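Participant:
2 protein chains.
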Amino acid sequence: MSRRAVSANGRSGHGSQGIPEATIARLPVYLRVLYAFAEQDIPTVSSEELAAAAGVNSAKLRKDLSHLGSYGTRGVGYDVEYLVYQVSRELGLTQDWPVVIVGAGNLGRALANYGGFASRGFRIAAVLDSDPEVVGTQIAGHGVLDVEQMEQVVARHRVSIGVIATPAGTAQAVCDRLVATGVTSILNFAPVVLNVPSGVDVRKVDLSIELQILAFHAQRRSVVRVPQDAQAVGR
Amino acid sequence: MSRRAVSANGRSGHGSQGIPEATIARLPVYLRVLYAFAEQDIPTVSSEELAAAAGVNSAKLRKDLSHLGSYGTRGVGYDVEYLVYQVSRELGLTQDWPVVIVGAGNLGRALANYGGFASRGFRIAAVLDSDPEVVGTQIAGHGVLDVEQMEQVVARHRVSIGVIATPAGTAQAVCDRLVATGVTSILNFAPVVLNVPSGVDVRKVDLSIELQILAFHAQRRSVVRVPQDAQAVGR
DNA sequence: CCTTGTGAAGATATTCACAGCA
DNA sequence: TGCTGTGAATATCTTCACAAGG
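Structure (structure tokens):
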């Protein structure tokens with residue numbers, strides 16, 4: 001799956017320390033499901049219900065949540081509102097994260113228009129591109145700026161998260177430049193392995209890798225006909 | 001990380017059996033790097049070189065490759081061409097995978113235009129949408145078809161991989177319908193947990209989850225100033 | 001009672017370190 | 001000699017199963 005750079009054992013000084021990476025990766029899913037429960041005005045959920053909705057088993061969910069603290073009530077379950085707050089806080093979503101998107105092609109446009117982007121904590125500070133044809137056009141309410149303005153944009157909006165949606169060929173150069181301006185978290189959609197100095201966190205989203213993993217399993221299925229129930233599914 | 005449904009221990013009859021899931025997830029990266037070496041006409045690579053380019057450590061790379069067989073030469077390294085072939089074969093990329101994309105919004109368009117899509121094994125059989133405004137328009141050389149034609153398209157092109165690029169609200173319905181027509185591998189871009197019967201493999205790509213994981217680490221970094229070298233990076 | 005929180009067991013994954021072979 | 005392939009050691013993650021507690 002994805003790339004992780006920072007070793008994540010910074011051991012925070014306050015309450016919770018050393019939350020496992022695998023747990024971190026699931027918290028956003030729990031959070032989304034919790035919001036769904038909240039919207040239906042459901043006040044409390046059991047680990048069983050939450051787990052089912054999130055597609056994991058309940059022991060795992062309980063252990064995950066136990067890393068944040070003891071926020072449940074035995075015999076009852078978890079208070080939805082309260083847990084939303086605690087998970088949000090743990091993920092750092094109680095603060096605002098200005099994001100800069102580099103690359104205003106099809107993908108950049110899709111990202112800028114993606115609803116879940118603006119919601120809950122993330123805000124597009126700017127969309128940048130190097131193509132003079134594209135610079136100046138309007139995308140999701142943002143005028144596309146020239147990539148030359150990266151330094152000013154990052155400084156002015158205190159951007160710490162950069163999204164790379166450029167072609168593979170320019171991704172490393174864009175990345176270097178983002179890092180040079182002080183961006184320390186990068187989400188990379190270009191199909192290349194980025195080289196970054198230590199202290200910079202890179203995550204990768206790669207369509208073709210996902211497809212290839214699917215192909216592997218599909219092939220496997222068609223080669224050996226799997227016995228009826230030698231399969232497990234995420235509920 | 002991502003979701004995996006099939007338990008993947010089908011134990012194939014021929015040479016290789018039981019390749020770990022973590023290894024499978026890295027093979028596409030190795031493959032991409034190998035292609036880059038091949039393009040530069042480099043005939044052989046050591047595990048050290050390959051690992052560096054792929055952003056992993058060399059012991060891991062060697063162990064990964066050892067699951068496919070003994071394709072290296074001690075004292076020399078791996079033959080690039082040969083390894084490309086072996087990895088491709090293992091991933092099932094020596095055959096053609098027709099893919100149907102459901103949802104022709106910004107994201108669907110971006111996916112259809114994504115170059116790496118058409119390359120190496122994957123072929124867009126059709127792009128479907130339910131919006132009469134969109135049906136009939138042209139995307140990346142494909143006329144958008146009505147989602148009502150899903151069954152015919154899947155049958156005619158023997159599609160086994162479906163990509164869901166619809167809004168969250170309709171994703172489950174689209175998924176159910178794909179499954180009903182016989183699609184057993186699904187790549188989901190909608191921010192929902194899909195329910196599928198056993199035997200169907202779902203992978204999820206979720207922008208906002210990746211952002212939230214980045215936010216967690218970014219917050220962590222800003223709260224506790226990490227000692228200079230208590231960090232490890234993917235090269 | 002019912003459900004959380006968690007030690008302990010088990011399963012996977014990573015890394016080390018070196019034997020074995022070209 | 002140099003690099004692969006791999007047992008053994010370690011670290012991480014998942015699952016079980018039950019004590020603790022509202």
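The listed protein sequences derive, respectively, from chains S and Z.
Residues 1 to 235 (the numbering used here) are what the first sequence spells out, left to right.
Residues 1 to 235 (the numbering used here) are what the second sequence spells out, left to right.
Beta carbons are placed, not taken as given, at the ideal position from N, Cα and C, and that holds for glycine.
All values derive from a computational prediction rather than experimental measurement.
#1: Taking 6 Å as the limit between beta carbons, can you name the residues of its chain near S/Ile19, skipping five residues before and five after?
#2: Beta-carbon within less than 6 Å of S/Val29's beta-carbon, same chain only, minus the 5 sequence neighbours each way: which residues are those?
#3: Evaluate Z/Glu210 with the Cβ neighbour count: other Cβ atoms within 10 Å of its Cβ, from every protein chain shown; 16 or more gives buried, anything less gives exposed.
#4: Report the neighbours of Z/Thr184 on chain S: residues whose CB is nearer than 8 Å to its CB, in chain order.
#5: Is the stretch 146-159 of chain S in contact with the stretch 92-103 of chain S, if contact means three or more CB pairs nearer than 8 Å?
#6: If you draw a straight line from the alpha carbon of S/Asn195 to that of Z/Thr170, how long is it in whole angstroms?
#7: Give the straight-line distance between the Cα atoms of S/Gly141 and S/Gly121, rounded to the nearest whole angstrom.
#8: According to DSSP, is Z/Tyr78 part of a helix, a strand, or is it coil?
#9: Within 10 angstroms of its Cβ, does Z/Ile42 collect 16 or more other Cβ (buried), or is it exposed?
#10: Flag S/Asn106 as yes if its beta-carbon sits less than 8 Å from any beta-carbon of chain Z, otherwise no.
#11: Indicate the three-state DSSP secondary structure (helix, strand or coil) for S/Asn188 in the structure shown.
#12: Quick one: which residues of the stretch 135-163 of chain Z get their C-beta closer than 7 Å to a C-beta of chain S? List them in chain order.
#13: Ignore the nearest five residues each way along the sequence and tell me which others in S/Leu93's own chain have a CB closer than 7 Å to its CB.
#14: Looking at the C-beta of S/Pro20, does it have a partner C-beta in chain Z at a distance below 8 Å?
#15: Taking the alpha carbon of Z/Glu133 as the reference point, which residue from Z/Gly143, Z/Ile124 and Z/Ala125 has its own alpha carbon closest?
#16: S/Phe117 touches chain Z at which residues, Cβ-Cβ below 8 Å?
#17: Against chain S, does Z/Phe122 count as a neighbour if the rule is that its beta carbon must be under 8 Å from one of theirs?
#18: Output needed for Z/Pro191: all residues of its chain with C-beta closer than 7 Å, excluding positions within five of it in sequence on either side, in chain order.
#19: So which of Z/Ile213, Z/Ile161 and Z/Pro197 has the shortest CA-CA distance to S/Phe216?
#20: By the three-class DSSP mapping on this structure, what secondary structure does Z/Pro98 have?
#21: Hey, is S/Ala215's beta-carbon within less than 8 Å of any beta-carbon in chain Z?
#22: Should Z/Gln40 be labelled buried (16 or more other beta-carbon atoms within 10 Å of its own) or exposed?
#23: With distances taken between CB atoms, is the gap from S/Ala38 to S/Val80 smaller than 8 Å?
#24: Grab me the residues of Z/Asn9's own chain with a C-beta within less than 8 Å of its C-beta, minus the 5 sequence neighbours each way, in chain order.
#25: Whose C-alpha, out of S/Tyr114, S/Asp131 and S/Ser130, is nearest the C-alpha of S/Arg123?
#26: Less than 8 Å between the beta carbons of S/Ala218 and Z/Thr73, yes or no?
#27: Extract the residue ranges of the beta strand (DSSP E) inside the stretch 106-180 of chain Z, only unbroken runs of 3 or more that lie entirely within it.
#28: Less than 8 Å between the beta carbons of S/Leu128 and S/Val147, yes or no?
#29: Under the assumption that S/Glu90 contacts S/Leu27 (Cβ atoms under 8 Å), give the Cβ distance between them as a whole number of angstroms.
#30: Could you check the C-alpha separation between Z/Leu34 and Z/Ser47 for me, to the nearest Å?
#31: Taking Z/Val45 and Z/Tyr78 to be in contact with their CB atoms under 8 Å, please state how far apart those CB atoms are, rounded to whole angstroms.
#32: Beta-carbon of S/Asn57 versus every beta-carbon of chain Z: anything under 8 Å?
#33: Taking Cβ positions, are Z/Leu187 and Z/Arg203 nearer each other than 8 Å?
#34: With 16 as the cutoff for other CB atoms within 10 Å, does Z/Val56 come out buried or exposed?
#35: By how many angstroms is the C-alpha of Z/Phe117 removed from the C-alpha of Z/Ser70?
#36: Using alpha carbons as the reference points, say which of Z/Ser222, Z/Arg62, Z/Arg32 and Z/Asp96 lies closest to S/Gly182.
Facilitator: To lay it out plainly:
#1: To locate residue 19 of chain S, count along the first sequence from 1; it is residue 19. These residues qualify, in order along the chain: His67.
#2: In the first sequence, the residue the question calls residue 29 of chain S occupies position 29. Contacts found: Ala54.
#3: Position 210 of the second sequence, counted from the first residue, corresponds to residue 210 of chain Z. Z/Glu210 is buried by the Cβ-count criterion.
#4: The sequence position of residue 184 of chain Z within the second sequence is 184, counting from 1. Here the neighbours are Ala218 and Arg221.
#5: yes
#6: Residue 195 of chain S sits at position 195 when you count from the first residue of the first sequence. Residue 170 of chain Z sits at position 170 when you count from the first residue of the second sequence. Cα to Cα, S/Asn195 sits roughly 38 Å from Z/Thr170.
#7: On the first sequence, residue 141 of chain S is found 141 positions in, with the first residue counted as 1. On the first sequence, residue 121 of chain S is found 121 positions in, with the first residue counted as 1. If I take the Cα positions, the gap works out to 18 Å.
#8: By 1-based counting over the second sequence, the position of residue 78 of chain Z is 78. DSSP places Z/Tyr78 in strand when its eight states are reduced to three.
#9: Working through the second sequence from its first residue, we reach residue 42 of chain Z at position 42. Exposed is the call here.
#10: In the first sequence, counting from the first residue as 1, residue 106 of chain S sits at position 106. At least one chain Z Cβ lies under 8 Å of S/Asn106.
#11: Taking the first sequence and counting its residues from 1, the one referred to as residue 188 of chain S is at position 188. S/Asn188 falls in the strand class under three-state DSSP.
#12: Ser160 and Ile161
#13: Within the first sequence, residue 93 of chain S is the residue found at index 93, counting from 1. Hits under 7 Å: Arg120 and Gly121.
#14: Position 20 of the first sequence, counting from 1, holds the residue named residue 20 of chain S. Output row for S/Pro20: interface = no.
#15: Taking the first residue of the second sequence as position 1, residue 133 of chain Z is located at position 133. Of the listed residues, the one whose Cα sits closest to Z/Glu133 is Z/Gly143.
#16: Taking the first residue of the first sequence as 1, we reach residue 117 of chain S at position 117. Going along chain Z in sequence order, the residues near S/Phe117 (Cβ under 8 Å) are Leu207, Ser208 and Leu211.
#17: To locate residue 122 of chain Z, count along the second sequence from 1; it is residue 122. By this cut-off, Z/Phe122 is an interface position.
#18: Residue numbering aside, residue 191 of chain Z sits at position 191 when the second sequence is read from its first letter. Hits under 7 Å: Ala168, Asp206 and Ser208.
#19: Translated into positions along the first sequence, residue 216 of chain S becomes position 216. When only C-alpha atoms are compared, the closest one is Z/Ile161.
#20: In the second sequence, counting from the first residue as 1, residue 98 of chain Z sits at position 98. Here Z/Pro98 sits in strand by DSSP.
#21: Reading the first sequence from its first residue, position 215 is the one you call residue 215 of chain S. For S/Ala215, the answer is yes, since a Cβ of chain Z falls inside 8 Å of its Cβ.
#22: Along the second sequence, one-based indexing puts residue 40 of chain Z at 40. With fewer than 16 Cβ atoms within 10 Å of its Cβ, Z/Gln40 is classed as exposed.
#23: What you label residue 38 of chain S is simply residue 38 of the first sequence in a count that begins at 1. What you label residue 80 of chain S is simply residue 80 of the first sequence in a count that begins at 1. Yes.
#24: Within the second sequence, the letter at position 9 stands for residue 9 of chain Z. Residue placement at Z/Asn9 cannot be trusted, given a pLDDT of 33 that sits under 50; the coordinates are not used to answer.
#25: What you label residue 123 of chain S is simply residue 123 of the first sequence in a count that begins at 1. S/Arg123 has its Cα closest to that of S/Tyr114, out of S/Tyr114, S/Asp131 and S/Ser130.
#26: Counting from 1 along the first sequence, the entry for residue 218 of chain S is found at position 218. Counting from 1 along the second sequence, the entry for residue 73 of chain Z is found at position 73. No, they are not a contact pair.
#27: 122-129 and 161-164
#28: The count along the first sequence starts at 1 and reaches residue 128 of chain S at position 128. The count along the first sequence starts at 1 and reaches residue 147 of chain S at position 147. Cβ atoms of S/Leu128 and S/Val147: closer than 8 Å.
#29: Counting from one through the first sequence, the residue named residue 90 of chain S turns up at place 90. Counting from one through the first sequence, the residue named residue 27 of chain S turns up at place 27. About 7 Å separates the two Cβ atoms, so the contact holds.
#30: The sequence position of residue 34 of chain Z within the second sequence is 34, counting from 1. The sequence position of residue 47 of chain Z within the second sequence is 47, counting from 1. Near 11 Å, if we compare the C-alpha coordinates of Z/Ser47 and Z/Leu34.
#31: Taking the second sequence and counting its residues from 1, the one referred to as residue 45 of chain Z is at position 45. Taking the second sequence and counting its residues from 1, the one referred to as residue 78 of chain Z is at position 78. About 6 Å separates the two Cβ atoms, so the contact holds.
#32: Counted from its first residue, the first sequence places residue 57 of chain S at position 57. Closer than 8 Å: no.
#33: Counted from its first residue, the second sequence places residue 187 of chain Z at position 187. Counted from its first residue, the second sequence places residue 203 of chain Z at position 203. Cβ atoms of Z/Leu187 and Z/Arg203: closer than 8 Å.
#34: Stepping through the second sequence from its first residue, residue 56 of chain Z is reached at position 56. Buried, since its Cβ has 16 or more Cβ neighbours within 10 Å.
#35: The count along the second sequence starts at 1 and reaches residue 70 of chain Z at position 70. The count along the second sequence starts at 1 and reaches residue 117 of chain Z at position 117. Taking the straight line from one Cα to the other gives about 30 Å.
#36: As a first step, residue 182 of chain S must be located in the first sequence, where it is residue number 182. Per the Cα distances, Z/Ser222.
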